[in-house]
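Taken in order, the sequence shown gives residues 1 to 152; the numbers are from full-length UniProt numbering. The beta-carbon is built from N, C-alpha and C at its ideal position, and this holds for glycine as well. Shown next, in structure tokens, is the structure this report addresses.
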Amino acid sequence: MNIAYIAFGTNVGNREENINVALKMMEDRGLKIIKTSKIYVTEPYGYKDQPEFLNGAVEVETNLSCRELLNVLLNIEKDMGRVRHFKWGPRNIDLDIIFYNDEVIDEPDLKVPHPDMHNRDFVLKPLCDLNPNFVHPILKKTVKTLLDELKG
Ligand SMILES: Nc1ncnc2c1ncn2[C@@H]1O[C@H](COP(=O)(O)OP(=O)(O)OP(=O)(O)O)[C@@H](O)[C@H]1O
Ligand SMILES: Nc1nc2c(c(=O)[nH]1)N=C(CO)CN2
1 MNIAYIAFGT
11 NVGNREENIN
21 VALKMMEDRG
31 LKIIKTSKIY
41 VTEPYGYKDQ
51 PEFLNGAVEV
61 ETNLSCRELL
71 NVLLNIEKDM
81 GRVRHFKWGP
91 RNIDLDIIFY
101 NDEVIDEPDL
111 KVPHPDMHNR
121 DFVLKPLCDL
131 NPNFVHPILK
141 KTVKTLLDEL
151 KG
């Protein structure tokens, strides 16, 4: 059995509903949600001229490989009618694999741990709710330490 941490974000439409639908779809597609973080209202990161996001994360247990997991998440985004306006732009649902066990994957369309996660408090805060002592397999620091360092 594998443990993955999946971060979600939404800033278009009924954001609470988008989260509920995405989590329900994950369970319907065989992911066992072990724990859900608090939901945070966050300022847009990157491209700033867009609505506030709701962000959170889940810890899931799954038999799927990381690539199979990515395909499940991409299909959920597609089935929820995700419109990708542009990179870092508004979206009704965004699902990112942050960690998959302690594996390091560096392929063109699949990078785990998510390469920018340590710069994003909207990812680190939910991860701290789930498992503050989880150690980043490349940076060799806990998510709690990464969040403290980001806060400065
Ligand atoms: N760890 C990962 N989790 C989810 N998607 C990933 C991951 N690594 C690479 N990808 C690829 O990223 C693509 C989606 O990119 P997307 O347009 O959502 O980027 P973004 O959300 O705007 O930016 P960012 O990834 O920096 O949050 C997917 O098609 C997928 O193949
Ligand atoms: N606060 C916040 N900002 C973002 C987010 C997000 O989920 N939350 N996602 C983005 C695209 O990956 C770009 N900017």
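When rounded, the separation of the alpha-carbon atoms in N71 and A7 is 15 Å.
Within the chosen limit of 7 Å, ligand 2 reaches the beta carbon of P44 through at least one heavy atom. Per DSSP, the unbroken beta strand (DSSP E) holding D96 starts and ends at 94–100.
With fewer than 16 neighbouring CB atoms inside 10 Å of its own CB, V104 falls in the exposed class. Excluding the 5 residues flanking it on each side, L95 has same chain C-beta neighbours closer than 7 Å at I6, F8, A22, L73, I76, E77, in chain order. The criterion of a C-beta distance shorter than 8 Å is not satisfied by G30 and T10. Of the candidates G46, D116, I33, S65, D116 places its Cα closest to the Cα of H136. Contact annotation, G81 with P126: C-beta distance approximately 24 Å; criterion of less than 8 Å not satisfied.
By the C-beta density criterion, I34 is exposed, having fewer than 16 other C-beta atoms within 10 angstroms. Sequence-distant Cβ neighbours of N133 in its own chain, meaning closer than 6 Å and more than five residues away, are T142. Annotated three-state conformation of L54 is strand, per DSSP. Taking a contact as a CB-CB distance under 8 Å, the pair R120 and Y40 does not count as one, their CB atoms being some 11 Å apart.
Comparing C-alpha distances from E59 to each of L150, N131, E149 shows the shortest one belongs to N131. Just measuring C-alpha positions, the residue of K24, G89, V112 sitting nearest Y47 is G89. The beta carbon of T36 sits closer than 6 Å to the beta carbons of V58 from its chain, once the five residues preceding and following it are set aside; these are given in chain order.
Under DSSP, the beta-bridge partners assigned to V41 are L54.
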